[in-house]
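Right, one structure below, let's go through it.
Numbering (UniProt numbering), first residue to last: 1 to 462.
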């Protein structure tokens, strides 16, 4: 292996072959010390088949932070109520004046003006209903949140049952919160991203407004030592392609697949498949570094041997932290009229990204397919080691530098026009000097990555 000078399993292996003196560790990357529910007694080992059983297992007889192993068997929905019924939009909105059509009508200024001008009691009653829509939407959303959110405690392994019924192990329509938690493993099951039944239209978001969704499928917040392995994540039965376009924007009912925020740290995502999803992995949730314990010195995440198929952005999108992105496979289209690729890897403020031997396939009539790999969001540190774009090695560092230099020049011009200081992020020069991983890993050649990843990524492929 190029650059490797020891047979010890410590230190980064940054080449393509090596004979080690010991067995490879099970987990590679920043999450290598994760053990999950290892050591759990038989009394804390569960097989669950519905949502109530899943929540009971997470509680672990009143000891949610003690070691536990939970096997998922079948399809488990977060909308499954304690009485066995399934919650719907009407259930969550019960007792409010919210309906989807009323909510849309509440933004119809022509209608509102007509109702305000009318002296008809029915029109005045209708106006009052429309004026209450945002609070009704919000309150309905709180009820859905309380139902579908599950908190994962320390020392937890959530695994697909090896003998799963009908070959299905899936968590769907729930918001899985790994919040202020340490030592969690999730492995070998499917996840259907929850659908937000009460998405918010914000006319002040951007220049023309945007729809916003509330729920990540998995949210890692202020947590450490987490390993995601052999998961398959998608939008399930509610893909964004079926969402309507209203107010000129596609209605957003899904948020992140796995988001990592508020100072979370020491995380590995390996052999996972994410497909037909918009926003996959936000690492660091704002530019201010003001949430949780702060992001500087944290947000260290490894992405290894994953597949992102028609993932439109944030695979990942990083702020402040360190992302080691190696031997992954990407495939998406710039020319899809409904769901075009935005970018694959996003360089955010104060981020440090090491990309190695990844394979990017971009369907496009354009000759600038490599340009689609990088998204520029105030980041200036990026290094790539022999990644492929559409079957050939590409100079992704040149792409990253060009995009940063363009953004920097625009900020300098904007600052001069406004008579203000240039933002700190734009005072740097682009560099390919990034962090060096301090853990063992083997790097495959780019030409071997696609076949390996497609054969091994996702649930049911352990």
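Cβ coordinates follow ideal geometry from the N, Cα and C atoms, glycine included.
No experiment lies behind these values; they were computed from the predicted model shown.
By a beta-carbon distance limit of 8 angstroms, residue 322 contacts residue 435. Their separation comes to about 5 angstroms.
A buried status is given to residue 164, since no fewer than 16 other beta-carbon atoms sit within 10 Å of its beta-carbon. DSSP, read as helix, strand or coil, puts residue 106 in coil. In its chain, beyond the 5 residues on either side, 199, 201, 249, 251, 252 have a beta carbon closer than 6 angstroms to the beta carbon of residue 211. Contact between the region 411-424 and the region 302-320 is absent: fewer than three C-beta pairs spanning the two stretches fall below 8 angstroms.
DSSP places residue 342 outside both helix and strand once states are collapsed to three, so it counts as coil.
Of 135, 83, 75, 81, the smallest CA-CA separation from residue 103 is found for 135.
Rounded to whole angstroms, the separation of the alpha carbons of residue 234 and residue 68 is 26 angstroms. Every unbroken stretch of the beta strand (DSSP E) spanning 3 or more residues and falling wholly within the region 136-219 is given here in chain order: 149-151, 156-160, 169-172, 175-179, 182-192, 200-202, 210-212. For residue 304, the beta-bridge partners assigned by DSSP are 270, 326. In the three-state reduction of the DSSP assignment, residue 355 falls in the strand class. Between residue 375 and residue 342 the beta-carbon gap is near 7 angstroms, inside 8 angstroms, which marks them as a contact. Judged by DSSP in its simplified three-state form, residue 381 adopts strand. Setting aside the 5 residues that flank it on each side, residue 106 is surrounded in the same chain by 112, 130, 131, 133, 134, each with a C-beta closer than 8 angstroms to its C-beta; the list follows chain order.
It is roughly 54 angstroms from the alpha-carbon of residue 66 to the alpha-carbon of residue 414. About 6 angstroms separates the Cβ atoms of residue 335 and residue 363, confirming a contact at the 8 angstroms cut-off.
About 6 angstroms separates the beta carbons of residue 299 and residue 283, which is inside the 8 angstroms limit, making them a contact pair.
Look at the beta carbons and you see the region 161-181 not touching the region 113-122: under three pairs across the two are nearer than 8 angstroms. With a minimum length of 3 residues, the unbroken runs of beta strand (DSSP E) contained wholly in the region 239-271 fall at 258-261, 265-270. The continuous stretches of alpha helix (DSSP H) do not include residue 237, and DSSP gives it neither H nor E. In the three-state reduction of the DSSP assignment, residue 361 falls in the strand class.
Residue range 396-418 is occupied by the alpha helix (DSSP H) that includes residue 412, with no beta strand (DSSP E) assigned at that position. For the pair residue 320 and residue 353, the CB atoms are not nearer than the 7 angstroms cut-off. Per DSSP, the continuous beta strand (DSSP E) segment holding residue 68 begins and ends at 68-72.
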